[in-house]
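J.:
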Amino acid sequence: MSKVILTHEVTGLGAPGDVIEVKNGYARNYLVPKGFAVVWTRGGEKQVEQIKAARAARALHTLEDAQALKANLEQGKVKLTVKAGREGRLFGSVKTTDIAAAVSAAGVGEIDKRKVEIPNPIKATGDHKVIVRLHDEVSATITLQVVAAK
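Structure below.
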């Protein structure tokens, strides 16, 4: 088992700044190369406080703010215009950055791209469900309407 410090939120493992133990191969082949974690060292403990401070600055401060934003996000559809072929297949797929920008453009609120979870890759036009983790206890489900650019 390897001890690592998470630098990004990893679903099922923890949040940035958490010190966790995972199997050696998982840490060596996935978490560390992708930048989701760094190997734990005594000097690395100093990074934990910096990571937690940065996370707290980005996080919504209260549960009430998160619930208010959830209500705004779930009220209607968020429209995203992308390049697509004749049959509605996209050239590529929709990224979390695109979704965060579309939510901002729709005027329903500001979300962090790192908090967006796409259950299945979005590679076609139509309506899709996307999950946004707003707070430790609050998640919102957005209906994303993907339309082809003219």
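Residues 3 to 152 (our numbering) are what the sequence shown spells out, left to right. No residue lacks a Cβ here, since even glycine has one placed at the ideal position from N, Cα and C.
On the DSSP letters alone, give me the boundaries of the alpha helix (DSSP H) that Ala86 sits inside.
T.: Taken as a continuous stretch (DSSP letters only), Ala86 belongs to no alpha helix (DSSP H), as it is neither H nor E.
J.: So, Val118 versus Ile133, is the Cβ gap smaller than 9 Å?
T.: Contact flag set, yes.
J.: Could you have a look at Thr145 and say whether DSSP puts it in helix, strand or coil?
T.: Looking at Thr145 - three-state DSSP - the assignment turns out to be strand.
J.: Cα separation between Ile7 and Pro123?
T.: Those two C-alpha atoms are separated by around 28 Å.
J.: Count the other CB atoms within 10 Å of the CB of Asp100; is the residue buried (16 or more) or exposed (fewer)?
T.: So Asp100 counts as buried.
J.: To the nearest angstrom, how far is the alpha carbon of Asn31 from that of Ala17?
T.: If you take the alpha carbons of Asn31 and Ala17, they lie about 19 Å apart.
J.: Helix, strand or coil for Leu15, going by three-state DSSP, please let me know.
T.: Coil.
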